[in-house]
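**Q** Here's a structure for you.
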Amino acid sequence: MGTEHSKNEGRRSTFFLRKGPKLPAWEDALLSGKEPKSLLKRGLRYISLSLIMKGMTSVPDFLWGLPEVQKLNLSRNQLVVIPPSLGKLDRLVVLNLGGNCLKCLPKEIGLLRNLKVLFVNMNCLTEVPAELSLCRKLEVLSLSHNCISQLPLSFTDLTSLRKLNLSNNRFVQIPLCIFALRSLDFLHLGSNRLENIAESVQYLVNLQIFIIENNNIRTLPRSLCFITTLELLNIDYNAIQTLPDDLYLLRRLPRIAWNPMDKGLHIAHNPLSRPLPEVVEGGLDVLFNYLREKKEHN
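The UniProt record's numbering applies: residue 1 is where the sequence shown begins, and numbers increase by one.
Structure (structure tokens):
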């Protein structure tokens, strides 16, 4: 009887082995015995899936079987690679990959033709695939806190892009492709290694918020003064000594601003030549009047 019991146990063990490899423990814990589709949440606008802060080192395979997902949050994990299978999720509208350990993005990201919002901030990217420019509906892109020093020229095709955050990277100059993005209303290039701003900046005719704080910029181009849509211009912590006389044309700047969140002209911590420091102390109207009078006398 003992022998028969051992045979039955052996058959049962063989049966379970034949069922295939078990899911990784962490992936099994995510599902807790449920169907993957049960993780989806159906909101008013999007079908979403959030796997934030799950300690994941790789993307769970069950995700690629959920093509209906439109909003996906994989932020604040330890992901090192996003596989080419990402291209299967072609209904994605919002994708958050922030706060991981990604060194690159798959070229298949270009298959996400419905993508409007992409966060890849706080990773280890050194470059961005040219295929991203195929996401023609993209409106918001954050690549901040990476190690990027250039962008593909094909980015000129992202004509719907309105908000672009490239802060805390390694740009020495503003990529030329940016000046073709006429729909931009927000551009953050703070904490890079910029030494100048090209005159071509004037082509960003819809720009409302321009942040270039904490760089090595010495002068502002005159053409910057023609972006009359500007409501916030942050040039704090640079090496600026003089200001262009036409700066007074930026009439939508409401004040000299000190709080980082406030609209206005942020100009603190620059080695302004005299009498500019004293003039700035008097407020924006005093500064603009000074620059206007200076121009009239020249």
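All C-beta atoms in this analysis are idealised placements derived from N, C-alpha and C, irrespective of residue type, glycine included.
Count the other CB atoms, across all protein chains shown, that sit within 10 Å of the CB of residue 41; report buried if there are 16 or more and exposed otherwise.
**A** exposed
**Q** In angstroms with no decimal places, state the Cα-to-Cα distance between residue 80 and residue 161.
**A** Each residue's CA atom was taken as its position, placing residue 80 and residue 161 some 27 Å apart.
**Q** What residue from 258, 206, 211, 135 has the CA that sits closest to residue 155's CA?
**A** 135
**Q** How far does the alpha helix (DSSP H) with residue 294 in it extend, from its first residue to its last?
**A** First-last of the alpha helix (DSSP H) with residue 294: 284-297.
**Q** If we ignore side chains and look at the alpha-carbon of each, how far apart do residue 99 and residue 279 end up?
**A** 42 Å
**Q** Tell me which same chain residues have a C-beta within less than 8 Å of the C-beta of residue 145, skipping the five on either side of it?
**A** 121, 122, 123, 167, 168, 169
**Q** In the structure shown, what three-state DSSP assignment does residue 42 receive?
**A** strand
**Q** Identify whether residue 109 lies in helix, strand or coil by the three-state DSSP scheme.
**A** helix
**Q** On the three-state DSSP scale, how would you describe residue 183?
**A** coil
**Q** Residue 69: buried (16+ other C-beta within 10 angstroms of its C-beta) or exposed?
**A** buried
**Q** To which residues of the same chain is residue 206 closer than 7 Å at the C-beta, ignoring the five residues directly before and after it?
**A** 182, 183, 184, 185, 229
**Q** Rounded to whole angstroms, what's the CA-CA distance from residue 44 to residue 72? Just pull it up for me.
**A** 15 Å
**Q** Roughly how many whole angstroms lie between the Cα atoms of residue 215 and residue 27?
**A** In this model, residue 215 and residue 27 are separated by some 43 Å (Cα to Cα).
**Q** Whole angstroms are fine: how far does the CA of residue 233 sit from the CA of residue 188?
**A** For residue 188 and residue 233, the distance between alpha carbons rounds to 10 Å.
**Q** Can the beta-carbon of residue 115 be found less than 8 Å from the beta-carbon of residue 137?
**A** yes
**Q** With DSSP run on the structure shown, which of helix, strand or coil describes residue 81?
**A** coil
**Q** Can you tell me whether DSSP reads residue 171 as helix, strand or coil?
**A** coil
**Q** Quick one, which of 54, 55, 66, 60 has its alpha-carbon nearest residue 38's?
**A** 66
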